[in-house]
């Protein structure tokens, strides 16, 4: 039954490791819905493997999931994932736009969730620091629930990008424990200038390097606002609240 | 070095399974911070195990984590986790309060994240349907980051509780794709009557049984609000946006 060679199985399995994804420029998506979205997207799908064609045993071998789905595709990464000149950064941010900056997000599931949120809130692009986890990590890809095929995503130097945004009369927002209450601040929405909301690392928050380029330091108040003992919010949750508030201002207006 | 018997190791390991947690009334927490919070809380801590006392090998055996932390505690579950009379439900909701209802949340990590959010937003209690995942699941406990020791939590019949809230002139809120824009609705904050915000199951949303008792159907608009192709939000993210909006109304006011 199996119409897949051992070498092919080995090659697909190797894509679970970043090294081989980088070398080949390929990554894996799994599941009917995800594969359908890949095929309908601008991404180039190299090959599709179905359980009824290659057999259950082969499917188990090439899948990264504990219960393999009926279909898996090998997909080519977009070529513009890591822009390599200032001119290219300037072109990407343009004269206006609403962007998300990710400063060293380490958890693959968190990154996937944030991509999904970025899709929901219609971010024009997501810019991640080079030390952010790989977006083509299988866990991240699956956690995006298909948003990976809709959201523009680039690895950049976040300090350099922040400078370009400020240079274009834009704003860089970040949340800090000593920031100012997001609910009472005026917020630029990105309609007239480029605006980026930066999300910090899960445990360290926003790095000093990026922090000193943040033009508006925001704070998400707990409730009641003087309460003690609460952990800070996780990266995906803080991003959610911040983006919802930016978008609410426009929806409400 | 080991000052822990094989029987004890077996007993602690068994607490990774719900069956044994239910039988013994005990659960496990791991990590310096979590154990410190347990000790400082109203929860009764049965025993504490430290790596330097029982040895690294024993620690590996009793831990549910891939890299065991230096300390683990066995903690007694609170006795009021499952109220069993209408009078008890009425007492728990009282005359006012801001509550979260969880309708069949299945993912342990999601539940932990929601408990952490409930803590951040100062919910007076979280009420979960009986088929919601066990809050004492090790993954859930760890994902709460200690919020499990601060947030009141009960397993209930959510339809019955919803009836009691409506009976007390309260409101039951839920988010639905055909609900009304949360940003333009008047929202009761729980200061004058009991208010519950219900979060639905990760894939099915709010059940029909609970849905028909929701007094106010809300909708979280994507952006732009007419855009197509976006997945719905995950349970923790939808809960975050909804709770943030309820709390913003008070903070802003």
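Protein chains in written order, with the working numbering: chain A, 24 to 276; chain B, 24 to 276.
Don't be surprised by glycine CBs; every beta carbon is placed ideally from N, CA and C.
Please read all numbers here as calculations on a predicted model, not as lab measurements.
State the DSSP-derived secondary structure class of residue i, mapped to helix, strand or coil.
i: residue 147 of chain B; result: coil
i: residue 222 of chain B; result: strand
i: residue 96 of chain B; result: strand
i: residue 133 of chain A; result: helix
i: residue 120 of chain A; result: strand
i: residue 88 of chain A; result: coil
i: residue 198 of chain A; result: strand
i: residue 142 of chain A; result: helix
i: residue 217 of chain B; result: strand
i: residue 71 of chain B; result: strand
i: residue 107 of chain A; result: coil
i: residue 159 of chain B; result: coil
i: residue 207 of chain B; result: helix
i: residue 272 of chain B; result: helix
i: residue 114 of chain A; result: helix
i: residue 239 of chain B; result: strand
i: residue 228 of chain B; result: strand
i: residue 256 of chain B; result: coil
Which chain B residues are close to residue i, counting only those with a beta carbon under 9 Å from its beta carbon?
i: residue 245 of chain A; result: 142, 143, 144, 145, 270
If the cut is a Cβ gap below 7 Å, which residues of chain B does residue i touch?
i: residue 104 of chain A; result: Chain B residues near residue 104 of chain A: none, gap ~22 Å exceeds 7 Å.
i: residue 248 of chain A; result: 274
i: residue 267 of chain A; result: 264, 267
i: residue 256 of chain A; result: 143
So which residues on chain A does residue i lean against when the C-beta distance must stay under 7 Å?
i: residue 263 of chain B; result: 260, 263, 264
I'd like to know if residue i contacts chain C, where contact means its C-beta is closer than 8 Å to some C-beta of that chain.
i: residue 206 of chain B; result: Here chain C cannot be found, since the structure's protein chains are A and B.
Which residues in chain A sit within 9 Å of residue i, going by Cβ to Cβ distance?
i: residue 38 of chain B; result: Simply none; closest approach about 23 Å.
Cβ closer than 8 Å: which chain B residues qualify as neighbours of residue i?
i: residue 88 of chain A; result: None at all; the shortest Cβ gap to chain B is about 15 Å.
Ordered along the chain, which non-local residues of its own chain (more than five positions away) have a Cβ less than 8 Å from that of residue i?
i: residue 70 of chain B; result: 96, 97
i: residue 201 of chain A; result: 240, 242
i: residue 19 of chain B; result: The question about residue 19 of chain B has no answer here: the residues shown for chain B are numbered 24 through 276.
i: residue 362 of chain A; result: What is shown of chain A runs 24 to 276, which leaves residue 362 of chain A out entirely.
i: residue 216 of chain B; result: 118, 119, 191, 192, 193, 194
How would you list, in chain order, the residues of chain A whose beta-carbon sits under 8 Å from the beta-carbon of residue i?
i: residue 153 of chain B; result: Per Cβ cutoff of 8 Å: no residues; residue 153 of chain B is ~26 Å from chain A at best.
Among the residues of its own chain, which have a CB less than 6 Å from the CB of residue i, if the five just before and after it don't count?
i: residue 259 of chain A; result: 133, 136, 137
i: residue 152 of chain B; result: 126, 127, 181
i: residue 113 of chain B; result: 187
i: residue 131 of chain B; result: 156, 160, 162, 163
i: residue 148 of chain A; result: 122, 175
i: residue 179 of chain B; result: 150
i: residue 230 of chain B; result: 126
i: residue 92 of chain B; result: 53, 54
i: residue 124 of chain A; result: 150, 181, 219, 221
i: residue 263 of chain B; result: 140
Can you find the residues in the same chain that come closer than 7 Å, C-beta to C-beta, to residue i, ignoring five residues on each side of it along the sequence?
i: residue 68 of chain A; result: 61, 62, 96, 98
i: residue 129 of chain A; result: 156, 224, 225
i: residue 198 of chain A; result: 241, 242, 243, 261, 265
i: residue 167 of chain B; result: 135, 138, 139
i: residue 270 of chain A; result: 144
i: residue 213 of chain A; result: 119, 120, 121
i: residue 64 of chain B; result: 172
i: residue 37 of chain A; result: 43
i: residue 88 of chain B; result: 53
Runs of 4 residues minimum, wholly inside the segment 37-67 of chain B: which ones carry the alpha helix (DSSP H) assignment? When DSSP assignments are scanned along the segment 37-67 of chain B, the uninterrupted stretches of alpha helix (DSSP H) that are 4 or more residues long and fall wholly within it turn out to be 41-47, 55-63.
The segment 109-136 of chain A: which residues have C-beta closer than 9 Å to a C-beta of chain B, in chain order? If the cut-off is 9 Å between Cβ atoms, the segment 109-136 of chain A has 121, 132, 136 near chain B.
At 4 residues or longer, and completely inside the segment 163-192 of chain A: list those alpha helix (DSSP H) runs for me, N to C. 181-190, all fully within the segment 163-192 of chain A.
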